[in-house]
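Under this note's numbering, the letters of the sequence shown match residues 114 to 226, in that order.
Take a look at the structure set out below.
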Amino acid sequence: MGDISRDSDVIELEGPPQFDFGERVVSRYKVRNDGTYPGKDVGEVLVNKGDVGYVTSVGTFLQQFYIYAVEFVSTGHKVGMRAREIVSLDKLPPHVAEALGGDKVAQLAHIKE
Numbered sequence: 114m115g116d117i118s119r120d121s122d123v124i125e126l127e128g129p130p131q132f133d134f135g136e137r138v139v140s141r142y143k144v145r146n147d148g149t150y151p152g153k154d155v156g157e158v159l160v161n162k163g164d165v166g167y168v169t170s171v172g173t174f175l176q177q178f179y180i181y182a183v184e185f186v187s188t189g190h191k192v193g194m195r196a197r198e199i200v201s202l203d204k205l206p207p208h209v210a211e212a213l214g215g216d217k218v219a220q221l222a223h224i225k226e
C-alpha cells in the first residue's frame, strides 16, 4: 500500500464542517479516479472543474479532514471531496460574490444541474 501522508498541519475536525447536507457545491478541480472508485479505470475523469453537485454526507479521513460525499448531477458520480476542492453555490463568500459581480451571482443562483 502507498504511503499516506498528511499534506497539512491543520486539523479540520477541531471545527464544524464547512458544508451542510444538501448544499449545492461546484468542483474547483478536475478529479480522476485514484483506484478507489469502483467500475472506473485508474486515471479516468470522475469530476470536471465546474461540475455542480450536492453534499449527501460528511465523513472524516485520517482523524484530520472532513470528507464530503458529493453527488454530481451531470454524471451521477458520488465522489469524496475535501473542502478545498469544492465551493458552495448556496453560500458564496462575500469576496467571491463581489469579484463575480451581481449578474454572474444571479446566473449561479439558477444553476440546478
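Ideal Cβ positions, reconstructed from N, Cα and C, are used throughout, including at glycine.
Straight-line gap, residue i to residue j (C-alpha atoms, nearest Å)
i, j, result
"residue 134", "residue 152", "26 Å"
"residue 207", "residue 189", "30 Å"
"residue 150", "residue 177", "22 Å"
"residue 158", "residue 180", "19 Å"
"residue 196", "residue 186", "19 Å"
"residue 191", "residue 204", "21 Å"
"residue 126", "residue 194", "15 Å"
"residue 141", "residue 175", "22 Å"
Where residue i falls, given that 16 or more other Cβ within 10 Å makes a residue buried
i, result
"residue 137", "buried"
"residue 124", "exposed"
"residue 92", "The shown model of the chain, from 114 to 226, leaves out residue 92, and the question about it has no answer."
"residue 144", "buried"
"residue 122", "exposed"
"residue 166", "buried"
"residue 132", "buried"
Beta strand (DSSP E) segment containing residue i, residue limits
i, result
"residue 170", "165-174"
"residue 184", "178-185"
"residue 191", "191-194"
"residue 199", "199-201"
Cβ-heavy atom distance, residue i to the ligand SAM, below 7 Å
i, result
"residue 196", "Absent from the structure shown: the ligand SAM. Ligands present: none."
Rounded Cβ spacing between residue i and residue j (contact assumed at less than 8 Å)
i, j, result
"residue 147", "residue 155", "7 Å"
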